[in-house]
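Undergrad:
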Amino acid sequence: MPIKAVFYLLGTLVILVHNAHYILPAFKSIFVAAFNPTAVLGGGAGIAIQQAMRFGIARGLFSNEAGMGSTPHAHAVAKVERPEQQGYIAMMGVFVVCVIVTLTALAIITSGMSMWELGGKTQTNFLGVFTGQGIAVTQQAYTYVYGYFGSLFISVSLFFFAFSTIVGWYYYGEMNIRYLFNSQRAVRAYQLVVIAFIFIASFFKVELVWNMADMFNGLMVLPNLVALILLSPIVIKMSKYVGGKVAENKA
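Using my numbering, read the sequence shown as starting at 18 and increasing by one per residue.
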C-alpha cells in the first residue's frame with residue numbers, strides 16, 4: 018500500500034505542477050459550488066446538493082472507512098507497548114486517504130480548466146470537457162498531461178488499489194470468522210465464499226455493486242458509532258495519559 022500510494026501521489030503532483038496556475042482557481046470553484054450552488058447549478062441546485070451529500074458521504078466513507086470499525090482488526094495484531102500508540106497510526110490512514118482523494122480531485126479540476134481554456138472558452142463549466150463519469154473522467158484528466166501513459170497509469174494504479182482492498186477486507190473477515198468459530202473449516206468455507214462472490218460480482222452492474230457497498234458500509238457504521246460513544250471516556254483517558262507522558266519527556 019505505501020509504495021503504490023507514493024507512486025500515485027508523485028504522478029498526481031506532476032499534474033498539479035503542470036497546472037499550478039489553476040490550483041487557486043480550482044479551490045475557488047470548489048468553495049463557490051459548495052456555498053453558492055445556485056450560481057453554478059441554477060434551478061437544479063437543491064437536487065444537486067442532495068446528490069452531492071449522498072454520494073460525497075458514501076464515497077468518503079468507502080475510501081477512508083472512518084467510523085466503520087473495519088481497520089481495528091488489522092491494527093489489533095500489532096505489537097506495541099500501549100494500544101493508543103497503534104490508534105494514532107490507524108488515524109493516519111484516514112488522513113493519507115483524504116490527501117490522495119483531494120489531490121486527485123485537484124488534478125481533475127485543474128486539467129479540466131486547462132482544457133476548457135485552450136478551447137477559447139471561459140471556466141464557468143470547465144468540467145464539461147470530460148465525457149463519461151467516474152474513472153473515465155480521471156483517466157481523461159491524466160491523459161491530458163501524460164498522453165497515453167496517463168490512461169495506463171490510472172489503470173495500473175486502480176488495479177493495485179482494488180487488489181489491496183480485496184485482500185484487506187478478506188483479512189478483516191477472516192479475523193472475525195476465527196473469533197466467532199475458532200475453526201479452520203470455517204475459515205476454509207469463508208475463503209471459498211469470498212472467491213465465489215468476487216467472481217459473481219464481476220457480472221453485476223457497477224451501480225448495483227456500489228449500492229450494495231454503500232448499504233453494508235452504513236450497516237457497519239451504525240453499531241460502531243454506538244460503541245465509539247460508549248467507549249469515548251476510555252479513549253479520552255488514554256489520550257490524556259499519552260499527552261502527559263509526552264509533556265514529561267519534553268520537560
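Here a beta-carbon is modelled for each residue, glycine too, at the ideal position from N, C-alpha and C.
#1: Going by DSSP, what residue range makes up the alpha helix (DSSP H) through Arg2?
#2: From this set, Gln157, Thr182, Ile183, which residue's C-alpha is nearest Ile171's C-alpha?
#3: Quick test of the definition: if touching needs 3 or more C-beta pairs under 8 Å, does the segment 75-94 touch the segment 111-121?
#4: Should Ala107 and Thr119 be called a contact, given that it needs their Cβ atoms to be closer than 8 Å?
#5: Just reading off the alpha helix (DSSP H) that Glu191 is part of, what are its end residues?
#6: Cβ atoms of Val204 and Glu191: under 8 Å apart, would you say?
#7: Using 8 Å as the cut-off, can you tell me whether the segment 121-132 makes contact with the segment 93-103, which would need three or more C-beta pairs spanning the two stretches below that distance?
#8: Can you give the Cα-Cα distance for Arg99 and Ile253, rounded to whole angstroms?
#9: From Phe48 to Ala218, what distance separates their C-alpha atoms?
#10: For Tyr25, I'd like the list of residues in its chain whose CB is within less than 6 Å of its CB, leaving aside the five on either flank, ordered along the chain.
#11: What did DSSP end up calling Gly137 once you bin it into helix, strand or coil?
#12: Report, in whole angstroms, the separation of the C-beta atoms of Thr127 and Leu33, which I expect to be a contact under 8 Å.
#13: Starting from the C-beta of Ile215, find all residues in its chain whose C-beta is less than 8 Å away, skip the five residues before and the five after it, and write them out in chain order.
#14: Is Asn234 helix, strand or coil when you go by DSSP?
#15: By how many angstroms is the C-alpha of Leu30 removed from the C-alpha of Leu245?
#16: Under a three-way DSSP split, which group does Asn36 fall into?
TA: Quick look at the numbers:
#1: Residue 2 is absent from the structure shown; the chain starts at 18 and stops at 268.
#2: Gln157
#3: yes
#4: no
#5: 165-198
#6: yes
#7: no
#8: 14 Å
#9: 37 Å
#10: Ser174
#11: Residue placement at Gly137 is flagged as unreliable, the pLDDT there being 49, under the threshold of 50; a coordinate-derived value is accordingly withheld.
#12: 7 Å
#13: Ile183
#14: helix
#15: 36 Å
#16: coil
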